[in-house]
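First the structure, in the form of structure tokens, and then the observations on it.
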Ligand code: GUN
Ligand code: ZN
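In full-length UniProt numbering, the protein residues as written are 3 to 444.
Structure follows, in structure tokens:
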């Protein structure tokens with residue numbers, strides 16, 4: 003039942019600073035026995051239980067989560083909802099995998115019933131994993147976007163999504179034209195962008211499947227309102243990069259293809275960005291765009307190792323979010339994704355990802371990457387009440403291991419290394435509990 007007020011008590015973990023710029027332990031704020039008060043979907047108070055209880059409105063009961071951690075909801079900066087049915091498909095690198103598995107799966111979304119059913123399963127899975135905001139690719143069919151936003155609006159989640167634009171190098175049934183793609187996107191923007199919590203992303207799939215004309219028109223759309231998003235793929239796979247160089251002989255780099263079309267700027271989210279050069283990172287920094295780091299996908303397709311610490315270099319930090327990139331990604335869990343990001347960091351740089359840095363990327367850092375940090379990503383008065391409740395004792399092994407934890411940072415590292423949806427005890431969206439894990443499961 004919906005009610006205007008809610009109150010959550012537990013160990014509250016959130017951020018007060020950027021752990022890529024300051025010592026991780028100083029960036030994390032922990033309130034061992036904290037209380038979060040919510041009214042009309044927004045956090046009004048967050049602080050120690052003993053002090054904050056004085057502000058509890060009369061008649062509001064406190065939902066108590068003893069021995070649990072309460073975090074801002076997770077943010078998935080790159081994921082494809084129509085690919086949920088083909089997650090875990092064997093045996094190809096990017097371009098062959100798209101042909102063999104993805105395009106046939108996406109072709110089914112001309113049927114709105116299919117789109118509705120998958121959108122519902124997908125959003126249910128996100129909530130089971132503690133993810134409360136995602137940047138989502140739909141298919142080329144406008145109905146797939148309507149189906150997704152209709153379900154998101156029903157739940158009340160803050161979601162970013164858009165119709166895929168593809169006018170070449172794809173099966174007939176999955177192609178639009180530069181003109182129809184533009185018109186369909188424009189009417190979807192009118193219908194959905196800024197409606198409740200829904201946000202629109204202009205979504206050219208990648209440079210291989212869009213003509214220069216389509217990319218130009220996508221750029222016009224992206225710049226037509228200053229709060230629209232743009233999402234696409236960038237520099238994921240060697241064969242892809244070579245193909246882009248052949249298709250765009252006059253561009254200086256892969257990023258330059260998008261830049262020439264006016265697609266690089268704030269709220270532009272580029273998936274992968276594995277094989278970038280220093281001048282690309284500099285340009286990302288200068289323009290305020292974001293890279294989505296998708297470690298499980300990059301392992302699954304054998305794409306390569308994202309150089310996170312190069313991207314986050316303190317002299318010109320680039321916005322980075324974590325992406326699951328399902329269906330190439332192998333999990334919708336941001337916990338599992340953080341665990342894989344740690345392993346990538348060991349292989350791609352001398353530095354190793356700290357647990358506090360990983361949790362920042364999945365919450366506040368992701369919100370900053372999307373320029374949504376005034377709305378989501380931290381637990382503080384005025385922020386939207388999107389929360390996930392983590393259980394460090396969710397399984398016998400987790401309980402055995404976290405019993406040894408002397409610090410919250412150690413507990414977070416165990417959660418990201420061993421954890422997944424089983425660790426998400428509850429998820430709150432817009433001040434309402436939208437997922438509660440049955441207590442008998444483990
Ligand atoms: N590049 C273009 N399309 C896709 C996609 O659907 N998944 C991934 N991982 N890369 C892409
Ligand atoms: Zn992707």
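Note that the Cβ used here is the ideal one computed from N, Cα and C, for glycine as well.
Open item on the list: At the 7 Å Cβ level, is residue 11 part of the contact set with chain B, yes or no?
Closed with: No chain B is part of this structure, which consists of one protein chain only.
Task: Assigned exposure category for residue 441 - 16 Cβ within 10 Å defines buried - done: exposed
Task: residue 352 burial status per 10 Å Cβ neighbour count (16 or more: buried) - done: exposed
Task: Euclidean distance between Cα positions of residue 404 and residue 415 - done: 10 Å
- [ ] Under 7 Å Cβ to Cβ from residue 422, same chain only, skipping five residues before and after it: list those, please.
- [x] So the list reads 333, 335, 337 and 338, once near-sequence residues are dropped.
Open item on the list: Below 6 Å, is the gap between the Cβ of residue 333 and the nearest heavy atom of the ligand GUN?
Closed with: no
Task: Backbone secondary structure at residue 347 - three-state DSSP - done: Shown here, residue 347 sits in a helix according to DSSP, grouped into three states.
- [ ] Could you check the C-alpha separation between residue 124 and residue 154 for me, to the nearest Å?
- [x] 10 Å
Open item on the list: Are there any heavy atoms of the ligand GUN lying less than 6 Å away from the beta-carbon of residue 163, as far as the coordinates show?
Closed with: no
Open item on the list: Any heavy atom of the ligand ZN closer than 6 Å to the beta-carbon of residue 327?
Closed with: yes
Open item on the list: Once DSSP output is grouped into helix, strand and coil, what is the label at residue 114?
Closed with: helix
Open item on the list: Is the separation between the beta-carbon of residue 322 and that of residue 295 shorter than 7 Å?
Closed with: yes
Open item on the list: Looking only at its chain, what residues have a beta carbon closer than 6 Å to the beta carbon of residue 191, apart from the 5 residues adjacent to it on each side?
Closed with: 202
Task: Residues of its chain near residue 35, where Cβ-Cβ distance is below 6 Å and the 5 sequence neighbours each way are ignored - done: 51
Open item on the list: What I want to know is whether the C-beta of residue 196 ends up closer than 6 Å to one or more non-hydrogen atoms of the ligand ZN.
Closed with: no
- [ ] Starting from residue 53, trace the alpha helix (DSSP H) both ways and give me its first and last residue.
- [x] 51-54
Task: Proximity winner among 316, 271 and 212, relative to residue 465 (alpha-carbon distances) - done: No information on residue 465 is available, as it lies outside the stretch 3 to 444 that the chain covers here.
Open item on the list: Pop quiz: residue 350 and residue 310 are said to be a contact at Cβ under 8 Å. What is the actual Cβ separation, rounded to whole angstroms?
Closed with: With a beta-carbon spacing of about 7 Å, residue 350 and residue 310 fall inside the 8 Å limit used to define contacts.
Task: Residues of its chain near residue 427, where Cβ-Cβ distance is below 8 Å and the 5 sequence neighbours each way are ignored - done: 67, 70, 391, 392, 393, 396, 438 and 439
TODO: Please determine, among 126, 179 and 171, the residue with the shortest C-alpha to C-alpha distance to residue 159.
DONE: 126
- [ ] Just tell me which of 147, 269 and 88 has its CA closest to the CA of residue 189.
- [x] 147
Open item on the list: Taking the alpha-carbon of residue 301 as reference, which of 214, 38 and 93 has the nearest alpha-carbon?
Closed with: 93
Task: Limits of the unbroken beta strand (DSSP E) element including residue 1 - done: Nothing about residue 1 can be reported from this structure: the residues present for the chain run from 3 to 444 only.
Task: beta strand (DSSP E) segment containing residue 11, residue limits - done: 7-17
- [ ] Can you say whether residue 227 is buried or exposed, counting buried as having 16 or more other CB atoms within 10 angstroms of its CB?
- [x] exposed
Open item on the list: Residues in the same chain with beta-carbon distance under 8 Å from residue 354, minus the five sequence neighbours each way, listed in chain order, please.
Closed with: 344, 347 and 348
Task: Beta-carbon spacing of residue 166, residue 135 below 7 Å - done: no
Task: Cβ-based burial, residue 85 [other Cβ within 10 Å; buried from 16] - done: buried
Open item on the list: Can you tell me whether residue 170 sits near the ligand GUN, meaning its C-beta is under 6 Å from at least one heavy atom of the ligand?
Closed with: no
Task: Identity of the residue in 142, 118 and 171 nearest residue 151 by Cα - done: Looking at the Cα atoms, 118 is the closest of the given residues.
Task: Residue burial classification, residue 234 (beta-carbon count within 10 angstroms, cutoff 16) - done: buried
Open item on the list: Going by DSSP in three states, residue 393 sits in which element: helix, strand or coil?
Closed with: coil
Task: Residue closest to residue 168, alpha-carbon to alpha-carbon, out of 400, 218 and 419 - done: 218
TODO: Take every Cβ of the segment 241-251, pair it with every Cβ of the segment 42-56, and state whether three or more of those distances are shorter than 8 Å.
DONE: No, they do not touch.
Task: Alpha-carbon spacing of residue 141 relative to residue 186, whole angstroms - done: Distance between residue 141 and residue 186, taken at the CA atoms: about 12 Å.
Task: Ranges of the alpha helix (DSSP H) found wholly within the segment 303-357, counting only runs of at least 4 - done: 310-313 and 336-350
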